[in-house]
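**Student:**
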Amino acid sequence: MKFNVIWTDLCLVFRNSEKLAAIETWDDGKTYEQAKTAEIPMLVRFFRYYAGWAHKIRGLTIPADGNNHVQTLHEPIGIASQNIQWNF
1 MKFNVIWTDL CLVFRNSEKL AAIETWDDGK TYEQAKTAEI PMLVRFFRYY AGWAHKIRGL
61 TIPADGNNHV QTLHEPIGIA SQNIQWNF
């Protein structure tokens, strides 16, 4: 589920990269070429990386003494959003 949401966002970014580069140029004062060849591709790499983690998170069962059972579960809390500045 999370993979699909992130992958859909990635497709939208990739499909609208020209518009996003123009918006980034207007918003941040970067050149269009810098936004198109550096900023947007970096955003796409981030989306691919985090989309991949949706399939890699697993729970563990840890050996315990006696009749004890220790288990770790990674449960999704939903979609989280952050507004992070891309100043470099």
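The sequence shown begins at 1 in UniProt numbering and counts up one residue at a time.
Glycine included, each C-beta is placed from N, C-alpha and C at the ideal position.
Keep in mind that this is a model prediction, so the values were computed, not measured.
As a quick exercise: from L20, I57, W7, E75, pick the residue whose alpha carbon is nearest that of E39.
**Tutor:** Working through the sequence shown from its first residue, we reach residue 39 at position 39. It is L20.
**Student:** What does the alpha-carbon distance come out to for the pair A35 and N16?
**Tutor:** In the sequence shown, counting from the first residue as 1, residue 35 sits at position 35. In the sequence shown, counting from the first residue as 1, residue 16 sits at position 16. C-alpha separation (whole angstroms): 13 Å.
**Student:** Short check: CB of I62 to CB of K2, under 9 Å?
**Tutor:** Numbered from its first residue, the sequence shown carries residue 62 at position 62. Numbered from its first residue, the sequence shown carries residue 2 at position 2. Taking 9 Å as the Cβ cut-off, I62 and K2 do not qualify as a contacting pair.
**Student:** What's the C-alpha gap between I23 and I77?
**Tutor:** The residue labelled residue 23 in the question sits at position 23 within the sequence shown. The residue labelled residue 77 in the question sits at position 77 within the sequence shown. Each residue's Cα considered, the two are about 31 Å apart.
**Student:** Tell me the DSSP secondary structure of L60 in three-state form.
**Tutor:** Reading the sequence shown from its first residue, position 60 is the one you call residue 60. Three-state result, L60: strand.
**Student:** Assuming contact is defined by CB atoms lying nearer than 9 Å, are R58 and H74 in contact in what I supplied?
**Tutor:** Residue numbering aside, residue 58 sits at position 58 when the sequence shown is read from its first letter. Residue numbering aside, residue 74 sits at position 74 when the sequence shown is read from its first letter. In contact: R58 and H74 (Cβ atoms closer than 9 Å).
**Student:** From the DSSP output, in three-state form, read off T37 for me.
**Tutor:** What you label residue 37 is simply residue 37 of the sequence shown in a count that begins at 1. Helix, per DSSP.
**Student:** By the 10 Å Cβ neighbour count, where 16 or more other Cβ atoms means buried, how is I6 classified, buried or exposed?
**Tutor:** Locating residue 6 in the sequence shown gives position 6, where the first residue counts as 1. It is buried - the Cβ of I6 has at least 16 other Cβ atoms within 10 Å.
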